[in-house]
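Student: Below is one structure. I have some questions about it.
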Amino acid sequence: MRSATQRMGVLIDDLLTLSRVTRSEMRQETVDLSAIAQSIAEELQETQPERQVDFVIAPGLTTSGDSQLLHQLMENLLGNAWKFTGQHPKARIEFGTSQVDGKEAFFVRDNGVGFDMTYADKLFGVFQRLHSQDEFPGTGVGLAIVQRIAHRHGGQVWAEGKVEEGATFYFTLK
Numbered sequence: 007m008r009s010a011t012q013r014m015g016v017l018i019d020d021l022l023t024l025s026r027v028t029r030s031e032m033r034q035e036t037v038d039l040s041a042i043a044q045s046i047a048e049e050l051q052e053t054q055p056e057r058q059v060d061f062v063i064a065p066g067l068t069t070s071g072d073s074q075l076l077h078q079l080m081e082n083l084l085g086n087a088w089k090f091t092g093q094h095p096k097a098r099i100e101f102g103t104s105q106v107d108g109k110e111a112f113f114v115r116d117n118g119v120g121f122d123m124t125y126a127d128k129l130f131g132v133f134q135r136l137h138s139q140d141e142f143p144g145t146g147v148g149l150a151i152v153q154r155i156a157h158r159h160g161g162q163v164w165a166e167g168k169v170e171e172g173a174t175f176y177f178t179l180k
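Letter by letter, the sequence shown follows residues 7 to 180 of our numbering.
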């Protein structure tokens, strides 16, 4: 009963975040995504210091946008990478950029459980999950939040993956 109540509380919090992301006023400023990624990586490692995770974060990646929203986006993507590499003895999580169709795209890449590309379109829907709650806890709202934040910044988000080889989540911002 307690765990169901806790899950419901987390779900309500996530839905409130999704609502706030959609309606909050945006404040444009220069945002150091590399520094945000490094800070989140350190926080994640503190939660499970016994895990062997190699974080590779490209330095000096900045953009213009709302720092709170972009922190939330990075927290969700890096948190997912952390969660889905949890069973990997030598996990690797990367944050960087690459050129996609002539545009710079940021990415978060991991060597975790990955996913079947057949289901890539479902990833960003609210309550869409490719894994059971027992396998990987979560509410199914995190990637929907990521997508809304990217869209609010005039950008896009998409993913590529292979089962048992990992996933890469790309996002662009204007």
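Just so you know, even glycine gets a beta-carbon here, dropped at the ideal spot from N, CA and C. Keep in mind that this is a model prediction, so the values were computed, not measured.
Considering only the alpha carbon of each residue, which of 38, 47, 67, 71 lies closest to residue 31?
Tutor: Position 25 of the sequence shown, counted from the first residue, corresponds to residue 31. With distances taken between Cα atoms, residue 31 lies closest to 71.
Student: Could you tell me if residue 80 is buried or exposed, where buried requires 16 or more neighbouring beta carbons within 10 angstroms of its beta carbon?
Tutor: As a first step, residue 80 is located in the sequence shown; it is residue number 74 there, counting from the start. Burial call: buried.
Student: Taking the straight line between their C-alpha atoms, what separation do you get for residue 111 and residue 68?
Tutor: Position 105 of the sequence shown, counting from 1, holds the residue named residue 111. Position 62 of the sequence shown, counting from 1, holds the residue named residue 68. One C-alpha to the other measures close to 12 Å.
Student: Go to residue 100, then tell me how far its alpha helix (DSSP H) extends in each direction, as first and last residue.
Tutor: If you number the sequence shown from 1, residue 100 lands on position 94. Counting along the chain, residue 100 falls outside any alpha helix (DSSP H), though it belongs to the beta strand (DSSP E) covering 97 to 106.
Student: Which residue wins for smallest C-alpha separation from residue 102, given the options 156, 168, 61, 153?
Tutor: On the sequence shown, residue 102 is found 96 positions in, with the first residue counted as 1. Nearest of 156, 168, 61, 153 to residue 102, Cα basis: 61.
Student: Counting C-beta neighbours from all protein chains within 10 Å, is the total for residue 116 16 or more, i.e. buried, or is it exposed?
Tutor: Position 110 of the sequence shown, counted from the first residue, corresponds to residue 116. Flag for residue 116 reads buried.
Student: Can you tell me whether residue 178 is buried or exposed? The criterion is at least 16 other CB atoms within 10 Å of its CB, across all chains shown.
Tutor: Translated into positions along the sequence shown, residue 178 becomes position 172. Answer is buried; the Cβ neighbour count reaches 16.
Student: For residue 83 versus residue 50, is the C-beta distance shorter than 8 Å?
Tutor: Locating residue 83 in the sequence shown gives position 77, where the first residue counts as 1. Locating residue 50 in the sequence shown gives position 44, where the first residue counts as 1. The Cβ atoms of residue 83 and residue 50 lie no closer than 8 Å to each other.
Student: My output table needs one value for residue 152: the three-state DSSP class, helix, strand or coil.
Tutor: Numbered from its first residue, the sequence shown carries residue 152 at position 146. Helix at residue 152.
Student: Could you tell me which residues DSSP pairs with residue 59 in its beta bridges?
Tutor: Start at 1 with the first residue of the sequence shown, and residue 59 comes out as number 53. Residue 59 pairs with 97.
Student: Between which residues of its own chain and residue 163 is the CB-CB distance below 6 Å, once the five residues before and five after are set aside?
Tutor: Looking up residue 163 in the sequence shown gives position 157. Same-chain partners within the cutoff: 152, 153, 156, 177.
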